[in-house]
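Working notes, structure below.
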Amino acid sequence: MTGPGADGLSVTVVTSRVELEECWRIRFAVFVDEQDVPAEMEVDDLDTAVTTTHVLATVAGSAVATARLLPVEPGVVRIGRVAVAREARGTGAGRAVMEALHDVALATHAGPDGGVRVDIEAQEHAIPFYSRLGYALVDDRRYLDAGIWHRDMALDLPR
Ligand code: COA
864 MTGPGADGLS
874 VTVVTSRVEL
884 EECWRIRFAV
894 FVDEQDVPAE
904 MEVDDLDTAV
914 TTTHVLATVA
924 GSAVATARLL
934 PVEPGVVRIG
944 RVAVAREARG
954 TGAGRAVMEA
964 LHDVALATHA
974 GPDGGVRVDI
984 EAQEHAIPFY
994 SRLGYALVDD
1004 RRYLDAGIWH
1014 RDMALDLPR
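Residue numbering for the sequence shown follows this note's numbering, beginning at 864 and increasing consecutively.
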């Protein structure tokens, strides 16, 4: 998808089991080991659904970040499992995987007007990250998921 930039970061759509396992390795390190999400909650059937798109960011061949996209209906997708390896945070890897999935959303899941709405369930600490990407809070509701406070956010991507 995006070749290596000056910082060596490149993002690809996952097309193999080996790459998917790299995504899981990052997610387990971030969500299970670091954030105490129960291991049995981390991988679900949606991970291997044919409709799901995963992206993987690498630096010099090492996997550093991942995220996944789930189509909801034409013109609406959900992005989740956004995880950047601790040592790679603050280097643009999170932005890169989100922007790669925004491209996938527009190319593959646009609605009749050519645009897409992206819904996310944001961990509260990550709200500033998503805000930098243009996401806005949907309402005032906060809720616990896997023991972590979340808020719903959304972004309208025009054609
Ligand atoms: N507070 C304020 N701004 C932040 C921020 C924070 N905590 N984290 C990132 N940003 C900003 C950066 O300054 C940057 O702004 P800019 O591009 O305008 O200069 C932008 O967001 C992108 O930052 P980036 O370096 O791409 O973020 P990242 O690679 O560190 O990834 C997370 C951010 C949240 C994905 C990463 O910290 C992470 O994986 N955390 C643990 C897992 C997690 O919480 N995932 C989210 C689940 S909802």
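Cβ atoms here follow ideal geometry from the backbone N, Cα and C, with glycine treated the same way.
- Annotation for G974: P937, G938 place their beta carbon closer than 6 Å to its own, counting only its chain and skipping 5 residues before and after.
- Non-local C-beta neighbours of V895 in its own chain, meaning closer than 7 Å and more than five positions away in sequence, comprise A902, E905, ordered along the chain.
- Contact annotation, V877 with V935: C-beta distance approximately 20 Å; criterion of less than 8 Å not satisfied.
- Residue pairing by DSSP places T878 in no beta bridge whatsoever.
- Residue nearest to R1014 within the set R995, D982, D908, L996 is D982 (criterion: CA-CA distance).
- R1022 is positioned such that its CB atom lies closer than 7 Å to that of G978.
- Closest in C-alpha terms to R944, from the list A970, L1000, V900, comes V900.
- Relative to the non-hydrogen atoms of the ligand COA, the Cβ of F992 comes within a distance shorter than 6 Å of at least one.
- CA-to-CA, the gap between A963 and A930 works out to about 9 Å.
- Between the region 908 to 927 and the region 880 to 890, the count of C-beta pairs closer than 8 Å reaches three or more; the two stretches touch.
- Residue environment: L932 is assigned as buried (16 or more neighbouring CB atoms within 10 Å of its CB, all protein chains considered).
- Judged by the Cβ position, A989 qualifies as a neighbour of the ligand COA at the 6 Å threshold, a heavy atom of the ligand being closer than this.
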